[in-house]
Amino acid sequence: MNASSSKTRIRRGAVSVIKRLRDAGFQAFLVGGAVRDKLLGRIPREYDIATEATPEQVMSIFARTVPVGAQFGVILVLDKDGEFEVATFRAEGKYSDGRRPDNISFVSAREDVLRRDFTINGLLEDPLTGTIEDFVDGRADIQAKLIRAIGDPVERFAEDHLRVLRALRFSATLGFDIEAQTLAAATQMAESVKDVAAERIHQELTRCFSEGDPARAYDLLVQTGILNVVLPQADRSATEITRRVFERLGACDFGTALATMLPADQLSQVDKLAQQLRLSTQEKTTLQYLMKALPAFGEERSHANNIRFIRHKLWPQAARLHRAQREAANNETSLLDALETLLSNASPEQLHPQRLLTGNDLQAMGLKPGPHFKSLLETLETEQLEGRITTQEQAEALIHSLAD
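Numbering-wise (this note's numbering), the sequence shown opens with residue 9 and increments by one.
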């Protein structure tokens with residue numbers, strides 16, 4: 009099943025859930041991102057449903073449900089075409105922890121919309137008729153390409169500190185500007201992002217850079233001061249060049265984004281940073297490799313080490329990032345062109361020559377196994393890559409000379 013047919017199936021499932029709620033006598037709508045994305049001509053990532061039915065009533069209507077957040081009015085309905093969050097229209101009490109409300113009360117559809125984050129996410133769609141309910145002028149803001157908080161932006165951000173990052177993410181992924189008062193509130197509330205779970209910070213930043221315009225995301229992180237909060241290690245001495253790098257780089261994985269923002273002297277701090285930002289193993293590996301590789305574009309190396317450099321699985325990412333850095337700084341001096349020429353002219357055998365000897369061969373020659381085996385085999389490969397040895401006999405002779 010391709011992605012398009014899968015999304016069609018999921019929407020069909022959401023409409024089916026809404027129809028069953030309607031048949032049971034309850035108002036029910038698609039809400040939030042699904043409605044916004046439809047108006048933007050995008051295929052929604054997910055379909056959330058809002059209804060006047062209480063959690064208990066939702067669970068009585070559907071055979072397969074999971075009370076993922078029943079205390080907040082949210083039930084997960086398991087349908088043959090997907091899983092759908094069904095939330096009861098609600099108003100929310102005080103947010104003591106800046107993450108979730110202390111209490112809720114069930115209210116009308118209009119009141120439910122007024123407690124949401126941004127006007128572009130405050131639209132309700134009746135998928136059975138195509139009618140859209142808009143209590144917050146969300147359609148006008150979508151047309152104007154504006155991210156605007158519903159009501160008082162400081163209050164909205166104080167209720168849920170994650171919303172500060174979500175404002176930046178929507179701006180980066182949708183290409184929308186952040187309305188002036190909303191942007192001012194995000195700047196005012198920047199320090200509150202410290203209270204957001206590291207996993208959620210990671211998720212939002214990853215989407216900013218991988219799904220959207222990373223230059224816009226970076227500009228907003230700097231402008232609001234959020235960069236100082238989520239990544240105090242970032243290089244703030246060259247923000248204009250960093251922005252130009254992101255412009256040339258385009259959408260990228262989070263490891264590459266971090267390598268773009270961090271100064272070279274932070275390489276030794278990658279382990280700590282990986283824990284701080286909850287990086288995946290792949291993201292950490294990418295970050296470490298890029299921070300080691302980027303300075304190498306300005307270093308003269310042996311032919312063998314150049315081969316090792318360009319055959320690495322992350323070479324394409326290093327070359328892409330370095331090219332963006334070189335263009336951003338208007339600096340054409342580097343080894344990139346020569347290395348790319350070397351790669352294009354090298355055969356698979358030249359990049360990965362068959363080993364002339366293995367560890368077992370070294371043992372058969374009477375050598376005692378140990379850590380030095382790795383060094384010996386690396387020396388053999390160096391000589392092979394340089395073209396100075398080509399046969400097993402030459403390799404054995406070299407090992408004997410090194411072992412003597």
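A virtual CB, placed ideally from N, CA and C, is assigned to each residue, including glycine.
Secondary structure at VAL76: strand, using DSSP grouped into helix, strand and coil. Across the set LYS321, PHE305, PHE80, the C-alpha of PHE305 shows the shortest separation from the C-alpha of ASP345. Per DSSP, reduced to three states, the secondary structure at GLY90 is strand. Taking the Cα positions, LEU281 is about 39 Å away from LEU131.
Proximity to ILE318 across LEU343, GLN362, SER179 peaks at LEU343, based on C-alpha coordinates. Judged by their CB atoms, ARG256 and ALA336 are nearer to each other than the 7 Å cut-off. Cβ neighbours of ARG208 within its own chain (closer than 7 Å, five residues either side excluded): LEU170.
Under the three-pair Cβ rule at 8 Å, the stretch 320-335 does not count as touching the stretch 393-408. Shown here, ILE158 sits in coil according to DSSP, grouped into three states, outside any helix or strand. Of all alpha-carbon atoms in ILE155, VAL253, LEU266, PHE92, the one lying nearest the alpha-carbon of ASN339 is that of VAL253.
Less than 7 Å divides the Cβ of ALA180 from the Cβ of ASP221. The three-state secondary structure of ASP227, taken from DSSP, is helix. Between GLY41 and LEU182, the alpha-carbon positions lie close to 11 Å from each other. In the assembly as shown, PRO303 is an exposed residue. Its beta-carbon has fewer than 16 other beta-carbons within 10 Å. With a cut-off of 8 Å on Cβ pairs, the stretch 283-302 is not in contact with the stretch 227-237, counting fewer than three such pairs. Residue range 63-69 is occupied by the alpha helix (DSSP H) that includes GLU64.
Cβ atoms of ASP125 and ILE158 come within 8 Å of each other, at about 7 Å. Bridge partners of LEU38 according to DSSP: ILE57, GLU133. LEU29 sits close to THR59, with the two beta carbons spaced by under 7 Å. With fewer than 16 neighbouring CB atoms inside 10 Å of its own CB, GLU357 falls in the exposed class. Between ASP261 and GLU291, the beta carbon gap of about 7 Å places them in contact (Cβ cut-off 8 Å).
The C-beta distance from PRO161 to THR190 rounds to 4 Å, short enough to meet the 8 Å contact threshold. Around PHE184, the same chain offers LYS153, LEU154, ILE155, PHE178 as residues with beta carbons nearer than 7 Å, after the five sequence neighbours per side are excluded. Listed in chain order, the non-local C-beta contacts of LEU48 below 8 Å within the same chain comprise ILE150, LEU182, local neighbours out to five positions each way being set aside.
Counted as a single uninterrupted DSSP element, the alpha helix (DSSP H) harbouring THR214 occupies residues 206-219. Counting the other CB atoms within 10 Å of its CB gives ALA411 a total below 16, which places it among the exposed residues. Taken in chain order, the whole alpha helix (DSSP H) runs of length 4 or more contained in the stretch 357-388 are 367-372. The three-state reading of DSSP puts ARG331 in helix, counting H, G and I together. Taking each of ALA242, LYS376, SER310 in turn and checking the Cα distance to GLY395, the smallest one comes out for SER310. Taking all protein chains in view, the Cβ of SER116 is surrounded by fewer than 16 other Cβ atoms within 10 Å, so the residue is classified as exposed. Shown here, THR399 sits in coil according to DSSP, grouped into three states, outside any helix or strand. Counting along the chain, the unbroken beta strand (DSSP E) around GLU141 starts and ends at 139-142.
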